[in-house]
Amino acid sequence: MTDPLITATGDGVPLVVEPNTPPSKKLPPGEWVKANLFSNWYNSLVTLVMAVILIYLARFLIGWAIGVEWQITRTNLRNFMVGGFPADELWRPWAASLLIIAGASLGFGAMSRAEHETDVRNGIPSTKPTQLDLFRRFWPIVLLSIFFVSFARTTPPFIGVAVGIVGLFALREVGWRLPAVIRDRGVFVFAAFLLAGFGCLAGTGGLLAIVAGIIVAVLVSTELGRAGITTRAVVIAGPIAAGLVTYFVLSAIGLEGFGWDDWGGFHITIFATAVGIATGLPFGILLAIGRRSNLPVIKTACVIFIEFVRGVPLITLLLFSSFMLPLFFPAGSDTRSGLTRAMILITAFSAAYFAEIVRGGLQSVPKGQTEAAQASGMSPGAIQRLIVMPQALRNVIPAMVGQAIALFKDTSLLAIIGIADFFQYGEISNTQQDFLGKGLQPVTYTFIALGYWAVAYWMSRESRRLEMKLRVGVR
Amino acid sequence: MTDATVNADATAFAGTGEAIIKVENMDKFFGDFQALKNINMNVGHKEVVVVIGPSGSGKSTLIRCINRLEQHDAGRIVVDGIELSDDIRNIQEIRKETGMVFQSFNLFPHLSIIDNITLAPRQVRRMPKAEAEELAMELLTRVKIPEQAQKFPGQLSGGQQQRVAIARALAMRPKVILFDEPTSALDPEMIKEVLDTMKDLANEGMTMICVTHEMGFAREVADRVVFMADGEVVEVGTPDHFFDNPQEARTRLFLSQIL
Ligand SMILES: Nc1ncnc2c1ncn2[C@@H]1O[C@H](COP(=O)(O)OP(=O)(O)OP(=O)(O)O)[C@@H](O)[C@H]1O
Ligand SMILES: [Mg+2]
Numbered sequence: 000m001t002d003p004l005i006t007a008t009g010d011g012v013p014l015v016v017e018p019n020t021p022p023s024k025k026l027p028p029g030e031w032v033k034a035n036l037f038s039n040w041y042n043s044l045v046t047l048v049m050a051v052i053l054i055y056l057a058r059f060l061i062g063w064a065i066g067v068e069w070q071i072t073r074t075n076l077r078n079f080m081v082g083g084f085p086a087d088e089l090w091r092p093w094a095a096s097l098l099i100i101a102g103a104s105l106g107f108g109a110m111s112r113a114e115h116e117t118d119v120r121n122g123i124p125s126t127k128p129t130q131l132d133l134f135r136r137f138w139p140i141v142l143l144s145i146f147f148v149s150f151a152r153t154t155p156p157f158i159g160v161a162v163g164i165v166g167l168f169a170l171r172e173v174g175w176r177l178p179a180v181i182r183d184r185g186v187f188v189f190a191a192f193l194l195a196g197f198g199c200l201a202g203t204g205g206l207l208a209i210v211a212g213i214i215v216a217v218l219v220s221t222e223l224g225r226a227g228i229t230t231r232a233v234v235i236a237g238p239i240a241a242g243l244v245t246y247f248v249l250s251a252i253g254l255e256g257f258g259w260d261d262w263g264g265f266h267i268t269i270f271a272t273a274v275g276i277a278t279g280l281p282f283g284i285l286l287a288i289g290r291r292s293n294l295p296v297i298k299t300a301c302v303i304f305i306e307f308v309r310g311v312p313l314i315t316l317l318l319f320s321s322f323m324l325p326l327f328f329p330a331g332s333d334t335r336s337g338l339t340r341a342m343i344l345i346t347a348f349s350a351a352y353f354a355e356i357v358r359g360g361l362q363s364v365p366k367g368q369t370e371a372a373q374a375s376g377m378s379p380g381a382i383q384r385l386i387v388m389p390q391a392l393r394n395v396i397p398a399m400v401g402q403a404i405a406l407f408k409d410t411s412l413l414a415i416i417g418i419a420d421f422f423q424y425g426e427i428s429n430t431q432q433d434f435l436g437k438g439l440q441p442v443t444y445t446f447i448a449l450g451y452w453a454v455a456y457w458m459s460r461e462s463r464r465l466e467m468k469l470r471v472g473v474r
Numbered sequence: 000m001t002d003a004t005v006n007a008d009a010t011a012f013a014g015t016g017e018a019i020i021k022v023e024n025m026d027k028f029f030g031d032f033q034a035l036k037n038i039n040m041n042v043g044h045k046e047v048v049v050v051i052g053p054s055g056s057g058k059s060t061l062i063r064c065i066n067r068l069e070q071h072d073a074g075r076i077v078v079d080g081i082e083l084s085d086d087i088r089n090i091q092e093i094r095k096e097t098g099m100v101f102q103s104f105n106l107f108p109h110l111s112i113i114d115n116i117t118l119a120p121r122q123v124r125r126m127p128k129a130e131a132e133e134l135a136m137e138l139l140t141r142v143k144i145p146e147q148a149q150k151f152p153g154q155l156s157g158g159q160q161q162r163v164a165i166a167r168a169l170a171m172r173p174k175v176i177l178f179d180e181p182t183s184a185l186d187p188e189m190i191k192e193v194l195d196t197m198k199d200l201a202n203e204g205m206t207m208i209c210v211t212h213e214m215g216f217a218r219e220v221a222d223r224v225v226f227m228a229d230g231e232v233v234e235v236g237t238p239d240h241f242f243d244n245p246q247e248a249r250t251r252l253f254l255s256q257i258l
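Protein chains in written order, with numbering that gives the first Met the number 0: chain S, 0 to 474; chain G, 0 to 258.
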């Protein structure tokens, strides 16, 4: 009885065995084609038929794209991108975009370095992601920017896009090399640039000051944690004080922004989606927790909100917001602006959908997880925060990204309440004097479709990447 | 035949000094169904009590009542001088002193092995990170898998996971550990490594209540064996008494089926 397979598995052998040379699953191109496309007669037939159809479609599409008049997108490029933003203020969206790209590259470069260092310290194999890896992640966005800018009629946009793309790759490298002190706070680097970018658009007062105050409070709180300070008074008062100081200083600086009622185009599409995700998700989590609450008042309130919002078409909600919401606010207040109302509504809308997704995630966490945490004496809050919620959220990443993509596309409904977003310019441009009645809708909507598709496809790729990353070592 | 009367009194405890767990006249209902009927049981300091009995007899329910994973309906439960009540602070205090090891391990799959172990000491005992990690490594060495510290639960075998679960329970430095069939979900070749870990613990003087079907383990390390059926304590005795000279008919039937 010397079966090598049996003697090889013994007591205490880890389940994950790393063989010295993993068997290669890659076939040479010739054999791959044979194995996958022409393995038998009907497979070959299907391949040939599909090839004929594809070639025909490609010829048709390319012929159409070359023959058609793209002048309408050239003339309207700025409209498509930023709507009616005045020309002498255009530096604002440019600065904002470039700052946000810079922050993302620096911050995420730093964060991936920090992760890499932790893995190395713990003896987990990890290599530095290459520039090619980065390109593989961002190619839909990079190509989209190039596609957009190819319609520009002046040089500055080309320079801007070039700076953005080079910055994306170069600053990732810089982020990777940042000193450890900064590197370990990568997320705050990103937040700082994001705020600076938003400040260029919206000024330093109001919303920006509030968000900055919250971020500084979180920063101070994590710093206190790192320093091992646990004195109750300091831990609570420190962040609050820092946040308030930030708020008042920023409000006092009072740099003028550019009122957001004139925002439009792709700019507003992206912004509305970002707001919908960034505010909708936290509210959605709270709603999901509320829905599972033992207190009937909270539970009922959450159920009514969620079911109402989910049960009514978004269009109805949008119309409701433009006719009904103003009645809730004092006359003449800032909150009556169309875009503000739309943002409140989009937050409510995505919160309700995220809430149901998160609730599904919460249900997917086995009861034994809570029991194990309870048995070790952890408080209910800590159990939710550290045990249940992280598992619940990671179980529903695909559904959440799906919701984010749906939201991104649904922002096209903002047109209903008179917000000229990316989608809306497909129609607006066709009503201009030069293009009226020329039937150029196929051109503008192709342009729009590509814009939506590239971003949505990028989001879906990022979701799969995130899933893979989080699945490492789990189950 | 020695004495013909059945000893069903689980209150006389072995071990040293005071009883660390006292259960008095405890009832537990699930709806109309009475899962535990008037349970009286004491566990002494450093005592090892093994609870056996047929499926559905209430063994799990009994030990889950002790750390309030289930709420008892009548009677008293006192752990280390603290009476279990609805007061959340009492419950937390008792849970700090009682570790629990589950049949299905219940490790936290999203945390590395070392984080699984350090989480509760850091959260509940406010232990500094470095100290908690040192403790965790010490415990992992004790359960003989220090090299797995940075892996995730999903990368470990069942036996290794259960040993991590034991280390996780020990990290809170509990006065008692409750085991609910810790080897029932394991492949035969992994049962031994977990039982060995439990034997080491018993020999080091840990107070333990173990629900288990491992009669060899019961015989070797138990100070007392408690046999339950239909929510009642039916027979109590030393392992020798139990395996050589059981009195009650239900005990004999159960043992004949399992041995
Ligand atoms: N949450 C619950 N709701 C309703 N009935 C329950 C619940 N938990 C346990 N019971 C019932 O209580 C009785 C005792 O269950 P318990 O799990 O304590 O048995 P056990 O002795 O541990 O059995 P096993 O050896 O199968 O684990 C069983 O009849 C079971 O059906
Ligand atoms: Mg049980």
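Virtual Cβ for every residue (Gly too), placed ideally from N, Cα, C.
(request) Starting from the Cα of ALA169/S, find the closest Cα among GLY102/S, LEU206/S, ASN35/S, GLY310/S and give me that residue. (result) GLY102/S
(request) Measure the alpha-carbon distance for GLU466/S versus SER363/S and round it to whole angstroms. (result) 16 Å
(message) Let's see if you can read the secondary structure: which residues bound the beta strand (DSSP E) around PHE226/G?
(response) 223-228
(message) Please report whether the beta-carbon of HIS71/G lies at a distance below 9 Å from any beta-carbon of chain S.
(response) no
(request) Measure from the C-beta of LYS468/S to each C-beta in chain G and report whether the shortest distance is under 9 Å. (result) no
(request) Figure out for me which residue from ASN66/G, MET227/G, ASN105/G has the closest Cα to the Cα of ARG88/G. (result) ASN66/G
(message) So, for SER43/S: in the same chain, excluding its five sequence neighbours on each side, which residues have a beta-carbon less than 8 Å away from its beta-carbon?
(response) LEU36, PHE37
(request) Would you mind sorting ASP260/S into buried or exposed? The rule is 16 or more other CB atoms within 10 Å of its CB. (result) exposed
(message) Contact defined as beta carbons within less than 8 Å: I believe ALA34/S pairs with LEU26/S. What is the distance between those atoms, to the nearest angstrom?
(response) 6 Å
(request) Closer than 6 Å by C-beta to ILE100/S: which residues in its own chain qualify, once you throw out the five before and the five after it? Chain order, please. (result) GLY163, GLY166, LEU167
(message) Taking the straight line between their C-alpha atoms, what separation do you get for PHE242/G and GLY52/G?
(response) 14 Å
(request) Pull out every residue of the stretch 101-113 of chain G whose Cβ sits closer than 8 Å to any Cβ of chain S, in chain order. (result) PHE101, SER103, ASN105, LEU106, PHE107, PRO108, HIS109, SER111
(message) Using a Cβ-Cβ distance cut-off of 9 Å, determine whether GLY198/S contacts chain G.
(response) no
(request) Using a cut-off of 7 Å between C-beta atoms, extract the partners of PRO245/G located in chain S. (result) By Cβ distance, chain S contributes nothing, its closest Cβ being about 32 Å from PRO245/G, past 7 Å.
(request) Starting from the beta carbon of ARG121/G, find every residue of chain S whose beta carbon is closer than 8 Å, and list them in chain order. (result) Within 8 Å Cβ-Cβ: nothing; ARG121/G doesn't reach chain S, min ~10 Å.
(message) Can you find the residues in the same chain that come closer than 6 Å, C-beta to C-beta, to SER320/S, ignoring five residues on each side of it along the sequence?
(response) ARG340, LEU344
(message) I'd like the ranges of any beta strand (DSSP E) spanning at least 3 consecutive residues and lying wholly in the stretch 6-48 of chain G.
(response) 15-29, 32-44
(message) For a test of the three-state rule: what should DSSP assign to GLY227/S, helix, strand or coil?
(response) coil
(request) Take ALA419/S and list the residues in its own chain whose beta-carbon comes closer than 6 Å to its own, dropping the five residues that flank it on each side. (result) GLY82, GLY263
(request) Might you give, ordered along the chain, the residues of its own chain that have their beta carbon closer than 8 Å to the beta carbon of ALA95/S, omitting 5 neighbours on each side? (result) GLY196, PHE197, CYS199, LEU200
(message) Between the alpha carbons of THR245/S and VAL180/S, how many angstroms are there, rounded?
(response) 22 Å
(message) Contact defined as beta carbons within less than 8 Å: I believe GLN147/G pairs with ILE112/G. What is the distance between those atoms, to the nearest angstrom?
(response) 5 Å
(message) Could you give the first and the last residue of the continuous beta strand (DSSP E) run that contains ALA73/G?
(response) 73-78
(request) Can you pull the chain S residues whose beta carbon is under 9 Å from the beta carbon of MET171/G, in chain order? (result) SER375, GLY376
(message) Looking only at its chain, what residues have a beta carbon closer than 7 Å to the beta carbon of GLU17/G, apart from the 5 residues adjacent to it on each side?
(response) HIS44
(request) Can you grab the Cα-Cα spacing for the pair VAL308/S / ALA354/S, in whole Å? (result) 11 Å
(message) Beta carbons nearer than 8 Å to chain B: which residues of the stretch 229-253 of chain S have them?
(response) Among the chains of the structure shown, chain B does not appear; the protein chains present are S and G.
(request) With ASP199/G as the anchor, note down where its alpha helix (DSSP H) starts and where it stops. (result) 187-202
(request) Please go through the stretch 61-133 of chain S and give each complete alpha helix (DSSP H) segment of 4 or more residues, from N-terminal end onward. (result) 70-74, 76-81, 90-120
(message) List, in chain order, every chain G residue whose beta-carbon is nearer than 7 Å to that of ASN121/S.
(response) GLN149
(message) So if I threshold CB-CB distances at 7 Å, which residues from the stretch 342-376 of chain S count as touching chain G?
(response) GLY367, GLN368, GLU370, ALA371, GLN373, ALA374, SER375, GLY376
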